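Residue numbers (my numbering), protein chains in the order written: chain R, 1 to 226; chain P, 1001 to 1226.
So the structure is just underneath, and the comments pick up after that.
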DNA sequence: TATTAAAGTTAGACTTCTCTAACAAATATT
DNA sequence: AATATTTGTTAGAGAAGTCTAACTTTAATA
């Protein structure tokens, strides 16, 4: 049985390595930053998790999750996203409110609860942010992810996820008229600063490159979903 | 902000003092027993909670909740019972499974969550065990509580709550054909050992005095509810 | 009332997670 | 390559919650 803290470390490691399809490993400082903790603290925990065979750790080198660690991390991510879906779909929370509460709910220990919640929600595939919900067996369907910043003018795509879950960002997303599964048309892009002009529900808007980088879109599932 | 542990102490104090309408105060050993902790540990916490002005504590004497402590305790009880209702009504948990999971869920910190959950559940008045759910303002309607052991032969009443929430007890309750709001007719009682013959759904059953003492019934709301 | 039993308290220690401050290794820069 | 900067580690300490073991107070009883 893992403590809340240990679970949080596994989850952060998962986000920093597996999920963002980066180098597959992360440094102590980076991990500490993600968790809002001092590097010394993260270092201690890495050693502890190495003892439990959940993390590959070697002095002065990068760390990664072992298969066992990855499996546990995925179940935590699954719980987090199912709870977010519950809060959004059933309780009427807004997009930008769900994360904080789900951070707490994800640590509830009950296999049965998660199974029944999954069923109650009708086995959702995405959470309210568009992120994939792993199955009970730990399988994550990896969708083709492009950021809006990479889309070319003239293209039409669908918002499937956002990278940044901060309240400030999400509220800005809402203000721009965007939401999950919303169709976006790229009108033009500025070569100088990467600013993009988009069209949403027939309304045109100029967004910064930095903002666009945090919007994940999919052209394949574009017109299939409501 | 209280820790999980502090919340658990407040809740136990509430159950041992206010709710069971006992003497309104409880001893260190009794509290420790309830929490499954050693008296020394409970003693430390009582002093800590006294510092926070949530508990009335004096060396070598009984302890009780201050008004502030009582208020906090009631909100925890409210959360616990709302979650139990959710698990039972929406997720299809059985009567005897909900308590354990609700013990964890009750510590989630989000006023908004509880408000929305309350609404989602349609502002329930009782939890699956028949216990009263305090309102958002902390009001608990105290129902007229008699135990089945006190009912006289010939009387008809409705099961509104149980005193014992242990799995063993609840499963026995189920086996006897009883559940919340079930009509019970007292057929006869044995003067020698207090054994009672009851009729539930036309089926007769003999139950022990000890068992009957843990069944709370109400004759007033007898035939009003489904 | 004197003694025993029960209830309550204290002191010191352990675990988990965190920190600061000093130090060591690896990487980047000139 | 020598130095500077970044990154990572260690040692020591503190807060929270728990324990054991020894001790004190209160209540029960003979």
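Glycine included, C-beta positions come from ideal geometry on N, C-alpha and C.
Bear in mind that the values here come from a model prediction, so they are computed numbers and not experimental data.
Straight across, the Cα-Cα distance linking residue 1210 (chain P) with residue 1149 (chain P) is about 8 Å. Beta-bridge partners assigned by DSSP to residue 1073 (chain P): none are found. In the three-state scheme derived from DSSP, where H, G and I count as helix and E and B as strand, residue 1066 (chain P) is classed as coil. Counting only runs of at least 3 residues, the segment 1108 to 1178 of chain P fully encloses the following beta strand (DSSP E) elements, listed from N- to C-terminal order: 1156 to 1162.
Two segments are said to touch when three or more pairs of C-beta atoms, one from each, lie closer than 8 Å; by this definition the segment 61 to 72 of chain R touches the segment 14 to 29 of chain R.
Under the criterion of beta carbons closer than 8 Å, residue 174 (chain R) and residue 129 (chain R) do not qualify as touching, at roughly 12 Å. Between the alpha carbons of residue 1199 (chain P) and residue 1186 (chain P) lies a distance of about 6 Å. For residue 1200 (chain P), the beta-bridge partners assigned by DSSP are P:1203.
When 7 Å is used as the limit between beta carbons, residue 121 (chain R) is near no residue of chain P, the shortest such separation being about 10 Å. The Cβ atoms of residue 1010 (chain P) and residue 1076 (chain P) sit closer than 8 Å to each other. Contact check for residue 167 (chain R) against residue 89 (chain R) fails: the beta carbons are separated by 8 Å or more.
Residue-level contact by beta carbon holds for residue 1110 (chain P) and chain R, with a gap shorter than 8 Å. A Cβ-Cβ contact shorter than 8 Å links residue 81 (chain R) with residue 133 (chain R). Beta-bridge annotation (DSSP): residue 218 (chain R) is paired with R:158. Close to residue 1036 (chain P), with beta-carbon spacing below 7 Å, lies no residue of chain R; the smallest spacing is near 17 Å.
Per DSSP, residue 1012 (chain P) has no beta bridge partner at all.
For residue 98 (chain R), the enclosing alpha helix (DSSP H) begins and ends at 98 to 105.
Here residue 56 (chain R) is bridged, per DSSP, to R:64.
Residue 216 (chain R) is a Cβ neighbour of residue 161 (chain R), given a cutoff of 8 Å.
A residue is called buried once 16 or more other Cβ atoms fall within 10 Å of its Cβ, and residue 1092 (chain P), having fewer, is exposed. By alpha-carbon distance to residue 1046 (chain P), the top candidate from P:1110, P:1007 and P:1078 is P:1007. Taking 8 Å as the upper bound on Cβ-Cβ separation, chain P lies near residues 87, 90, 91, 92, 93 and 97 of the segment 78 to 98 of chain R. Look at the segment 195 to 207 of chain R: it has no residue with a C-beta under 8 Å from a C-beta of chain P. Secondary structure of residue 38 (chain R) (DSSP, three-state): coil. Among the bridge pairs identified by DSSP, residue 1188 (chain P) is matched with P:1197.
At a cut-off of 8 Å between C-beta atoms, residue 1185 (chain P) does not count as an interface residue with respect to chain R.
Per DSSP, the continuous alpha helix (DSSP H) segment holding residue 213 (chain R) begins and ends at 209 to 213.
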